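Asks: Structure provided below as structure tokens; questions to follow.
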Amino acid sequence: MRLWVSDARAARDMRQFLLAFMARFPHLAERQLFLSGESYAGHYIPGLAWEIIKGNRAATKPSLEEGWLPLKGLAVGNAWTDAAVDNLGGTARGVG
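Numbering (numbering that gives the first Met the number 0), first residue to last: 0 to 95.
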């Protein structure tokens, strides 16, 4: 049996993990949340941030019980976002 997991599914799963993590460690739920990563995180961090934003918009008040997470910002370094764009530099180097 082959299971297909998309970036969108991974983002939803990561948001659910963060909600469970914050419920387990409620003293951290009051702190600002910053997401960061490098390389392939160029796929995951923006998607996770968007899932958090959508969840926060759906919450009626800023509380963990409502599914709200205290997202403050994100950073992605040397992001791999799209092979057609990201590989241009490597391809151009070998030409000429």
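Ideal placement from N, C-alpha and C gives every residue a C-beta, glycine not left out.
Owing to the predicted nature of the structure, the values given are computational and were not obtained by experimental measurement.
So what does DSSP say about Leu70, is it helix, strand or coil?
Replies: As a working note, residue 70 is residue 71 in the sequence shown. Three-state result, Leu70: strand.
Asks: Per DSSP, what kind of secondary structure is Ala4 in: helix, strand or coil?
Replies: Translated into positions along the sequence shown, residue 4 becomes position 5. Going by the sequence as given, residue 4 is Val instead of Ala. Of the three classes helix, strand and coil, the one that applies to Val4 here is coil, per DSSP.
Asks: So, are the CB atoms of Tyr43 and Ala10 less than 8 Å apart?
Replies: What you label residue 43 is simply residue 44 of the sequence shown in a count that begins at 1. What you label residue 10 is simply residue 11 of the sequence shown in a count that begins at 1. Going by C-beta atoms, Tyr43 is nearer than 8 Å to Ala10.
Asks: Between which two residues does the alpha helix (DSSP H) holding Gly29 run?
Replies: As a position in the sequence shown, residue 29 is number 30, starting the count at 1. Looking at the sequence shown, residue 29 is not Gly but Glu. Run containing Glu29: none; DSSP gives neither H nor E here.
Asks: Closest to Lys53 by CA distance: which of Trp3, Gln15 and Ser5 is it?
Replies: Within the sequence shown, the letter at position 54 stands for residue 53. Answer by Cα proximity: Gln15.
Asks: Which residues share a DSSP beta bridge with Ser62?
Replies: Counted from its first residue, the sequence shown places residue 62 at position 63. Residue pairing from DSSP leaves Ser62 without any beta-bridge partner.
Asks: Would Leu73 pass as a contact of Ser35 if the rule is Cβ separation under 8 Å?
Replies: In the sequence shown, the residue the question calls residue 73 occupies position 74. In the sequence shown, the residue the question calls residue 35 occupies position 36. In contact: Leu73 and Ser35 (Cβ atoms closer than 8 Å).
Asks: Once the 5 residues before and after Asn77 are set aside, which same chain residues still bring their CB inside 7 Å of it?
Replies: Within the sequence shown, the letter at position 78 stands for residue 77. Cβ within range, chain order: Glu37 and Ser38.
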